[in-house]
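There are 2 protein chains.
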Amino acid sequence: MTDVTLAFDEQEYLPAVAQDADSGEVLMLAYVTEEALARTRETGYAHYYSRSRDELWKKGGTSGHTQEIEEVRVDCDGDALLYLVDQSGGACHTGYESCFYRTVDGEEVGEQVFDPDDVY
Amino acid sequence: MTDVTLAFDEQEYLPAVAQDADSGEVLMLAYVTEEALARTRETGYAHYYSRSRDELWKKGGTSGHTQEIEEVRVDCDGDALLYLVDQSGGACHTGYESCFYRTVDGEEVGEQVFDPDDVY
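Protein sequence lines correspond, in order, to chains B and Z. Residues 31 to 150, numbered by this note's numbering, are exactly what the first sequence covers, in order. Residues 31 to 150, numbered by this note's numbering, are exactly what the second sequence covers, in order.
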């Protein structure tokens with residue numbers, strides 16, 4: 031399926047970072063199983079695996095805020111992925127474009143692009 | 031130490047994504063403990079925790095390819111971090127600017143910026 035060795039033998043879940051392919055903004059970090067990655071590549075839309083709900087999910091399946099895949103990259107160790115995506119709406123369930131909308135000091139630096147009450 | 035609740039109570043290690051503050055390039059993903067994050071904030075240079083070597087490390091401690099911190103962001107769930115950095119040299123021990131220098135199909139898309147034989 032891929033010419034690059036991925037670390038799924040050692041780790042059931044690999045972290046996947048989603049980055050907006052146009053703006054370069056880092057949108058979110060979630061986890062994938064081998065199956066979630068396969069689904070992503072087959073469909074061209076970002077899929078992840080929720081460790082808390084124990085299920086594979088399509089990003090935007092509920093909200094419509096899908097992530098169309100432009101490219102999937104893998105890091106040097108094969109244990110982290112980078113999804114370059116075309117993000118519809120906002121990536122964060124809070125309404126922000128990116129889940130990384132706060133500094134660690136709590137200052138809001140991100141942009142809110144939708145009202146979550148209208149979406150969920 | 032911070033106004034944002036981080037998930038260190040649930041997870042000993044949180045993933046931290048390093049992004050070049052100027053170019054927007056995603057450079058690497060590594061893990062931090064609460065102590066590694068504290069050291070990062072105190073010193074202004076990126077520190078991580080190696081789960082395989084079981085030790086806190088300063089990025090660039092050996093190679094000189096340090097990451098000066100411009101900002102630390104946290105995601106909506108408090109379980110992932112984003113380091114916005116000024117990267118000296120290249121982030122990847124292979125000599126590439128970013129660890130994400132390959133697509134999942136094995137195509138090289140990144141730029142090699144140093145010869146690892148000269149550095150390590």
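Ideal Cβ positions, reconstructed from N, Cα and C, are used throughout, including at glycine.
Cutoff 7 angstroms: residue i Cβ touching any chain Z Cβ
i, result
"Val143 (chain B)", "no"
"Ala66 (chain B)", "no"
"Gly90 (chain B)", "no"
Proximity of residue i and residue j at Cβ, strictly below 7 angstroms
i, j, result
"Asp50 (chain Z)", "Leu59 (chain Z)", "no"
"Tyr78 (chain B)", "Trp87 (chain B)", "yes"
"Ala48 (chain B)", "Tyr126 (chain B)", "no"
"Asp105 (chain B)", "Asp33 (chain Z)", "no"
"Phe38 (chain Z)", "Glu65 (chain Z)", "no"
"Ala128 (chain Z)", "Glu55 (chain Z)", "The question names Ala, but residue 128 (chain Z) is Ser in the sequence shown. Yes. Within cutoff."
"Arg132 (chain B)", "Thr133 (chain Z)", "no"
Euclidean distance between Cα positions of residue i and residue j
i, j, result
"Asp116 (chain Z)", "Ala46 (chain Z)", "15 angstroms"
"Leu36 (chain B)", "Glu137 (chain B)", "36 angstroms"
"Asp107 (chain B)", "Ala121 (chain B)", "27 angstroms"
"Ala110 (chain B)", "Asp148 (chain B)", "33 angstroms"
"Phe130 (chain Z)", "Glu100 (chain B)", "15 angstroms"
"Val62 (chain Z)", "Phe144 (chain B)", "31 angstroms"
"Ser53 (chain B)", "Ser93 (chain Z)", "30 angstroms"
"Glu72 (chain Z)", "Arg81 (chain Z)", "22 angstroms"
"Glu85 (chain B)", "Glu42 (chain B)", "13 angstroms"
"Gln142 (chain Z)", "Tyr150 (chain B)", "44 angstroms"
"Arg83 (chain Z)", "Glu98 (chain Z)", "23 angstroms"
"Gly140 (chain Z)", "Thr124 (chain Z)", "11 angstroms"
Within-7 angstroms CB hit, residue i to chain B
i, result
"Ala110 (chain Z)", "yes"
"Leu59 (chain Z)", "yes"
"Arg103 (chain Z)", "yes"
Chain-ordered neighbours of residue i on chain B, where CB pairs are closer than 7 angstroms
i, result
"Pro45 (chain Z)", "Pro45, Leu59"
"Val56 (chain Z)", "Val47, Gln49, Val56, Leu112"
Under 9 angstroms, CB to CB, which of the residues in the segment 119–132 of chain Z have a partner in chain B? Residues Cys122, His123, Thr124, Tyr126, Ser128, Cys129, Phe130, Tyr131, Arg132.
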